[in-house]
Amino acid sequence: MTLPKGFGSGGAGGSSSADVERMIGRRVENMTGMITVSFWAAILATFAGTAAGYFYYPWAYPTASGHFAFIVLTIIITIGYIFCVKVMEEGSNKNSNGIVLASVIGATVFCLFVSLYVGW
Amino acid sequence: MMLYMAQMPALIPKEVEIQRLKKVWLIVIAMGSTAASVEVDNFVDGSLHQTSIRDSAFTPAHWWLYSHFITLPLGWGAAAIYDRKIPVLRGPNNSMNTGLKMTILGYLATMFTIGVNEMWHFWFVEEIFAVPNHWMFNMGVVVAFMGALAYVVRVYARLVELGAETPGENPYVAEMYKMALEGKLYSRAIP
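Quick note, the sequences are listed as chains A and B, same order.
Going by the numbering used here, the residue at position 90 of the first sequence is 90; the numbering climbs one at a time, nothing skipped.
Going by the numbering used here, the residue at position 18 of the second sequence is 18; the numbering climbs one at a time, nothing skipped.
Set out below in structure tokens:
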């Protein structure tokens, strides 16, 4: 197989598994930590955005409206998060169901807490 | 002889290609989530406009709307830069992917239309939906969406071609996957 410049044995033969490893970089199945951090960053940013709505612009955003937006967005972000982790790990031996479950439960509890107690 | 989906030669090792396609797919999922959230904002903004008919450009519902004008160009830009590492996603003559080209052309058309639209509104102020300057916005966006859809479908189809997408555990579904890859799923030869 022809490999890009800098890989392989200089025309003497095919690629080795070390070449393949070098071409891949960080494997997608090992990105769960980064994806999880991004998930939480998205949840917190969304909370901040809706909170800016009902704390600074109460004339525009009744608290209930901000909470409705936050609930729907939490659901959307969670679906995206689950897709990301499951697609990246399918076909590998990695299994991060525990981390995903903990994050989803954490986000649900956070979302319920915000909806019930913040901004009223 | 019937021609089905082009059989691309393997230019990089299969494992490398799957990893790279999945990285593009991560970007696609992130952009999809953003687009879905802006769909929600259509309702949030519509709800706000029930009480505030003429508002400013900078209400929270509008910031949220504008977020996708930042996120989607950054996301597509990242996909366009990164997919140079995936040979099957390149366009003719080693150029950019055809789907991405269509998307850029479509949005360039809408950007051109912004100027046309301003000239129109110089002498006719009222916003009427079905005026020719607005047709051009719609046509540009449709071309852009077709290109983006073609790109996303190509990435997914290649993941299926490479066997990275797991066929269903139901044996009948697995058989359909197999036939689809052989180009026989919707063949008239099968009664």
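Cβ coordinates follow ideal geometry from the N, Cα and C atoms, glycine included.
Quick caveat: nothing in here was measured; it's all calculated off a predicted structure.
Just to confirm my understanding: we take residue i, look at its own chain, exclude 5 residues before and 5 after, and list those with CB closer than 8 Å. What are they?
i, result
"G66(A)", "T50, A51, G53, Y54, G119"
"N97(B)", "A80, D83, L89, R90, G91, Y151, R154"
"M2(B)", "Low per-residue confidence applies at M2(B): pLDDT is 48, beneath 50, and the placement is therefore not dependable, though the value from the model is reported in the following sentence. Here the set comprises G183."
"A60(A)", "G53"
Given this structure, state the Cα-to-Cα distance separating residue i from residue j, to the nearest angstrom.
i, j, result
"Y4(B)", "G183(B)", "Caution is warranted here: a pLDDT of 49 is assigned to Y4(B), below 50, making its placement in the model unreliable, and the coordinate value is therefore given only provisionally. So the alpha carbons of these two residues sit roughly 6 Å apart."
"Y57(A)", "T63(A)", "10 Å"
"R154(B)", "V28(B)", "12 Å"
"R22(A)", "K23(B)", "16 Å"
"T71(B)", "S38(A)", "14 Å"
"R90(B)", "V20(A)", "21 Å"
"S67(B)", "T34(B)", "8 Å"
"F110(A)", "F70(A)", "11 Å"
"V141(B)", "V131(B)", "16 Å"
"V87(A)", "Q19(B)", "11 Å"
"S95(B)", "L48(B)", "45 Å"
"P87(B)", "R54(B)", "50 Å"
"I104(B)", "Y81(A)", "28 Å"
"L159(B)", "W123(B)", "52 Å"
"I79(A)", "L44(A)", "16 Å"
"E17(B)", "Y172(B)", "28 Å"
"W120(B)", "P73(B)", "27 Å"
"I77(A)", "F112(B)", "34 Å"
"M179(B)", "A57(B)", "53 Å"
"L26(B)", "I114(B)", "32 Å"
"F137(B)", "S37(B)", "22 Å"
"A148(B)", "W135(B)", "20 Å"
"F145(B)", "G77(B)", "15 Å"
"G106(A)", "A42(A)", "14 Å"
Once the 5 residues before and after residue i are set aside, which same chain residues still bring their CB inside 7 Å of it?
i, result
"N83(A)", "Sequence inspection shows Phe at residue 83(A); the Asn mentioned does not correspond to that position. Nothing meets the Cβ criterion."
"S92(A)", "E29"
"V85(A)", "T32, I35, S96, V100"
Compare the C-beta of residue i with all C-beta atoms of chain B and state if any pair is closer than 8 Å.
i, result
"F83(A)", "yes"
"Y117(A)", "no"
"G33(A)", "no"
"I24(A)", "yes"
"E16(A)", "The sequence given here places Ser at residue 16(A); Glu does not occur at that position. Not one chain B Cβ lies under 8 Å of S16(A)."
"S92(A)", "no"
"G98(A)", "no"
"A102(A)", "no"
"V37(A)", "no"
"V114(A)", "no"
"V87(A)", "yes"
"A52(A)", "yes"
"A64(A)", "no"
"R27(A)", "yes"
Could you tell me the boundaries of the alpha helix (DSSP H) in which residue i lies?
i, result
"N133(B)", "132 to 161"
"L11(B)", "Note, L11(B): premise wrong, no alpha helix (DSSP H); not H, not E."
"D55(B)", "That residue, D55(B), is in no alpha helix (DSSP H); it is neither H nor E in DSSP."
"A164(B)", "Looking at the DSSP string, A164(B) is not in any alpha helix (DSSP H), and its letter there is neither H nor E."
"I71(A)", "63 to 89"
"I104(B)", "98 to 123"
"L116(A)", "97 to 117"
"R90(B)", "Counting along the chain, R90(B) falls outside any alpha helix (DSSP H), and DSSP gives it neither H nor E."
"D83(B)", "D83(B) -> no alpha helix (DSSP H), and no H or E assigned at all."
Excluding the five sequence neighbours on either side, which residues of its own chain have a C-beta within less than 6 Å of the C-beta of residue i, listed in chain order?
i, result
"Y89(A)", "The identity of residue 89(A) in the sequence shown is Glu, whereas the question assumes Tyr. Here the set comprises E29."
"I12(B)", "none"
"K94(A)", "E29"
Closest Cβ-Cβ distance between residue i and chain A: below 8 Å?
i, result
"A30(B)", "yes"
"V173(B)", "no"
"P73(B)", "no"
"E15(B)", "yes"
"A164(B)", "yes"
"S47(B)", "yes"
"I86(B)", "no"
"Q50(B)", "no"
"K178(B)", "no"
"A36(B)", "yes"
"V24(B)", "no"
"I53(B)", "no"
"V153(B)", "no"
"W76(B)", "no"
"W64(B)", "yes"
"S95(B)", "no"
"V142(B)", "no"
"V44(B)", "yes"
"V160(B)", "no"
Using a Cβ-Cβ cut-off of 8 Å, state whether residue i counts as contacting chain E.
i, result
"I12(B)", "Among the protein chains in the structure shown, which are A and B, there is no chain E."
Inset, instruction - Taking a Cβ distance cut-off of 9 Å, strictly less, list which residues of the region 69 to 80 of chain A are near chain B, in chain order. - result: A69, V72, L73, I76, I77, I79, G80
Inset, instruction - Could you please tell me which residues of the region 98 to 125 of chain B, in chain order, have their CB closer than 8 Å to any CB of chain A? - result: none
Inset, instruction - May I ask you to list, following chain order, the residues of the region 40 to 51 of chain A that have a beta carbon less than 9 Å from some beta carbon of chain B? - result: A42, T46, G49, T50
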